[in-house]
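Notes follow the structure.
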Amino acid sequence: MNKPLYSFLFFLLSFTFYLSQSPNNLEYLFDGDVKLENTVEEIFPVGNTDNGLFVVINIKDKNYKFLIDTGASVSVLDDQTFKDIVDSKKKIIKIQDFVGNEEGKDLYYLDFKIGNNQFSNFAFTKFDMTKLFKINCIKYDGILGANVLKKLNWKYVKKEDKLFFSQTPFPYDGYNKPVQLQWYGSVPIGELKINEYKFLALIDTGYFGTIIIPEQVYIKEFSFGSHYNLVRGKANNNTIYTINGGQDIELRKETDIENLSLGNYDFSKYEVIVAEMKPNIGNRVILENGFIFNFFKNEIAFGISEEKSRFTSLPKIKICKSETNKNQIELCFFWKESANKTLKLHDQVIKIDSINTTNVDHDQYCNILDYLNSKKNQIKVTFKRGNKEFDYILN
């Protein structure tokens, strides 16, 4: 099945940070040196890549788990894990999240290792990830952003579940024809196309979804230019998603957008989100068949699919810890479509298959998400609304 429940998994909340300064004034972000032991290095990612692309890095002789996030302008440390950091801050920068919320952050420079390979004098900022950990049950210590990643070329081989990195570009054997990259500051962007309209989209391994496109886009540049209408949606797919303590974003799910492509890649079979956000290509596309990021050549390539047709669907519903009772779980998101017409936000989840979920602590909640993540066939969810109980089948 498509793992429709398991999750926050950054379904919409990407951990993407955009620096709000001019891209021409970010030289301090491009500091940092890398010394590799061998021409090509390889490591195994941590855990299942369905939960993101994570690696182990070593800071001051201690290992930490970091997310590989090409959409983050600057690398990030969890504020709680690194609260006693003693390195002096070098600068205060302004960052924006994916909906434009801006915040000033201190910038730090750190040395670290991946395996025995030395990374020196790289910029990090800090962010309190505690709330995110509680929701998605994926504990990690920080993010390796584009300011680190663009110092190397990267290759992920899906079959072997191996991540390779090198200062030499990778050949494209076993991969599709490469696509040219551009850069917005320190983050990579590619040129999406719908029919004759071309527009730029972020290449974002930190967004846990397929593709985001807005109803309208700015064609000329990533943030500025003329408006063009891209997609005309269907009303029964509209839904409202609340983020950041009350900010609402209207979403629409679209399938089979004709002639949606990136270079020679046909994306028309993906379910995508239409929302007033920056265009974005997420890790459910990027990691699906593996990738090559030849950043030194400003090129990317995706692995060749073994299937005759690709179709990556979005989660149909989402469950979370209750907003009013910490020992309950509830429905916190669903698409407004015919299969979901009986659902309402905040319906309590009292059973998943044979698992009683009426009273769960945090560890049990995380175990439930693990169960949903591993389930390969249909799931029966029992909801309760007032005195009414009803079943919902996920295929």
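Numbered according to UniProt numbering, the sequence shown spans residues 1 to 395.
The beta carbon of each residue, even a glycine, is placed where N, CA and C say it ideally should be.
In this text the structure is predicted, and so the values were computed from the model without any measurement.
Taking every protein chain shown into account, the CB of Val55 has 16 or more other CB atoms within 10 angstroms, so this residue is buried. Rounded to the nearest angstrom, the gap between the Cα atoms of Asn373 and Asn117 is 33 Å. Under the DSSP assignment, Leu200 falls in the beta strand (DSSP E) whose first and last residues are 197-203.
In terms of CA proximity to Lys198, Leu260 leads the group Glu41, Leu260, Ser75.
By DSSP's assignment, Gly303 forms a beta bridge with Tyr175. With the rule of 3 Cβ pairs closer than 8 Å, the stretch 125-136 does not count as touching the stretch 343-358.
For Asn63, the pairing in a beta bridge is given by DSSP as Asn58. Distance from the CA of Ile189 to the CA of Gly71, rounded to the nearest whole angstrom, comes to 9 Å. Taking every protein chain shown into account, the CB of Gly290 has 16 or more other CB atoms within 10 angstroms, so this residue is buried. For the options Gly206, Leu192, Glu254, the alpha carbon positioned closest to that of Leu200 is the one of Leu192.
Boundaries around Leu372 are those of the alpha helix (DSSP H), 362-374, since no beta strand (DSSP E) includes it. Per DSSP, the beta bridge partners of Phe124 are Ser75, Tyr108.
Asn147: member of the alpha helix (DSSP H) spanning 146-149, first to last residue.
Rounded to whole angstroms, the Cβ separation of Leu394 and Ile379 is 5 Å, and the two are in contact under 8 Å. Cβ-Cβ distances below 6 Å link Phe165 to Glu41, Leu152, Trp154 in the same chain, with the five nearest sequence neighbours on each side left out; the list follows chain order. Apart from sequence neighbours up to five positions away, the residues of its chain that approach Asn294 with a beta-carbon distance below 8 Å are Asn153, Pro169, Phe170, Pro178, Ile300, Ala301, ordered along the chain. Taking C-alpha positions only, Lys253 is separated from Leu314 by approximately 8 Å.
Thr125 is a Cβ neighbour of Lys105, given a cutoff of 8 Å. For Ile257, same chain residues with a beta-carbon under 7 Å away, outside a window of 5 residues either side, are Ile194, Val231, Ser268, Val272 in chain order.
In this structure, DSSP gives Val187 an extended state, which the three-state scheme calls strand. Between Ser305 and Asn327, the alpha-carbon positions lie close to 42 Å from each other.
Per DSSP, the beta bridge partners of Asp391 are Thr382. Contact between the stretch 347-354 and the stretch 317-333 is present, with at least three C-beta pairs closer than 8 Å. Residue environment analysis places Ser338 among the exposed positions, since fewer than 16 neighbouring C-beta atoms fall within 10 angstroms of its C-beta. Non-local C-beta neighbours of Tyr140 in its own chain, meaning closer than 7 Å and more than five positions away in sequence, comprise Phe54, Lys65, Phe66, Leu67, ordered along the chain.
When Asp204, Asp69, Ile135 are compared, the shortest CA-CA separation from Pro279 is found for Asp204. Nearest neighbour of Gln182 by Cα position, chosen from Phe390, Thr324, Lys35, Lys297, turns out to be Lys297. Within the same chain, Phe112, Lys113 come within 7 Å of Asn58 by CB-CB distance, once the 5 residues on both sides are set aside. If you ignore the 5 residues before and after Ile138, its C-beta comes within less than 6 Å of the C-beta of Asn51, all in its own chain and listed in chain order. At the C-beta level, Asn121 and Gly32 come within 8 Å of one another. Secondary structure note for Phe170: it is in no alpha helix (DSSP H), with a DSSP letter that is neither H nor E.
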